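Below is one structure; the comments refer to it alone.
Numbering (our numbering), first residue to last: 63 to 301.
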C-alpha cells in the first residue's frame with residue numbers, strides 16, 4: 063500500500079526545523095479496503111505528520127517516528143490464553159503477529175504509540191492483559207460511524223484527559239470486544255458509563271489507547287483532533 067502524500071498547506075503549517083514531518087506508521091491488512099486506513103492517514107496528516115502504511119510482515123519501525131494501531135478484526139483469543147467463543151468474529155493471525163511484534167519494537171525504541179479500538183486491545187494483549195470476547199450492545203454501525211453512543215469519564219491527568227481539557231467526552235462505539243483485565247504496565251484512563259474500559263496509557267505517556275474511533279470525529283469534536291495532535295507532537299519530539 064503506498065504512502066499518502068500530505069498537501070502543501072499542511073506541510074507549511076507543521077514543518078519541523080529541518081523541514082521534515084514526523085512519520086507515523088499505520089498497520090494495515092490487504093484483507094480490508096484501502097479507504098478504511100486512509101481515514102486514519104488523513105487524521106495524522108491533519109495533525110502535522112506523514113502517514114506511512116505498514117502491511118503484515120513489516121520487519122521493523124526503523125523509518126517511523128510513531129506507530130498507530132488502528133481498528134479491525136478480533137484479536138485471536140489464543141494470544142491471551144483463551145479458546146474462542148461462538149461470537150468471536152474474523153481473526154487475522156498474520157496481522158496479530160505483525161502488530162504485536164511492531165508494538166514491542168516501538169516500546170524497545172521508545173517510539174510513541176496510539177492504539178484505536180482493536181489497537182487498544184492489541185496493546186493490552188501484547189503487554190499481558192485479556193479481553194472480553196463479545197460485548198453486547200456496542201455495535202452501532204447502523205447509526206453511522208460518527209454516532210455518539212455514550213459518555214466516558216476521563217482521568218484529567220492522562221494524555222486523553224489533557225486532550226479533553228479534563229472533561230468527560232462523548233464517544234462513538236464501533237466495537238464488540240473490550241479490555242477485561244488491564245495488563246501490567248498500563249493504567250485505565252477512561253471509563254464508559256456502562257463500565258467499559260475506554261482508555262489505557264503507560265506511565266511514561268508514550269503509549270496511549272482508546273476504545274472509540276476518534277479518527278472519525280476530528281472534524282466535529284476538539285478532543286479528537288487534539289488527541290492526534292498530541293500524538294504527533296510526541297513523535298516530533300522523538301526526532
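Just so you know, even glycine gets a beta-carbon here, dropped at the ideal spot from N, CA and C.
No experiment lies behind these values; they were computed from the predicted model shown.
Find out if the Cβ-Cβ distance for the pair residue i, residue j is shorter than 7 angstroms.
i, j, result
"residue 137", "residue 195", "no"
"residue 113", "residue 153", "no"
"residue 117", "residue 156", "no"
"residue 127", "residue 295", "no"
"residue 239", "residue 183", "yes"
"residue 221", "residue 171", "no"
"residue 161", "residue 131", "yes"
"residue 242", "residue 193", "yes"
When the Cα of residue i is compared with those of the options, which residue comes out closest?
i, options, result
"residue 188", "197, 274, 168", "168"
"residue 229", "111, 283, 216, 236", "216"
"residue 225", "101, 285, 241, 231", "285"
"residue 180", "166, 219, 232, 236", "236"
"residue 218", "274, 252, 265", "252"
"residue 267", "121, 214, 259, 173", "173"
Assuming residue i contacts residue j under a Cβ cut-off of 8 angstroms, what Cβ separation, rounded to an integer in Å, is found between them?
i, j, result
"residue 178", "residue 143", "Between residue 143 and residue 178 the Cβ distance is about 24 angstroms, and since that is not below 8 angstroms, they are no contact."
"residue 261", "residue 244", "So it is not a contact: roughly 11 angstroms between Cβ atoms."
"residue 89", "residue 164", "7 angstroms"
"residue 83", "residue 111", "5 angstroms"
"residue 191", "residue 248", "7 angstroms"
"residue 148", "residue 139", "Contact doesn't hold; Cβ gap of about 12 angstroms is too wide."
Which residues in the same chain as residue i place their Cβ atom closer than 6 angstroms to its Cβ, once the five residues preceding and following it in sequence are excluded?
i, result
"residue 287", "280"
"residue 223", "216, 217"
Can you find the residues in the same chain that come closer than 7 angstroms, C-beta to C-beta, to residue i, ignoring five residues on each side of it along the sequence?
i, result
"residue 269", "175, 185, 263"
"residue 166", "188"
Can you give me the Cβ contacts of residue i inside the same chain, cut-off strictly under 8 angstroms, excluding the 5 residues immediately before and after it?
i, result
"residue 290", "105, 106, 108, 109, 176, 276, 277, 280"
"residue 212", "232, 233, 235, 254, 255, 256"
"residue 102", "88, 113, 130, 132, 178, 277"
Contained beta strand (DSSP E) runs [length at least 3] in the region 209-254, N- to C-terminal order = 210-216, 231-234, 249-254
Please list the segments of the alpha helix (DSSP H) lying wholly inside the region 107-181, counting only runs of 4 or more residues, in order along the chain.
-> 155-171
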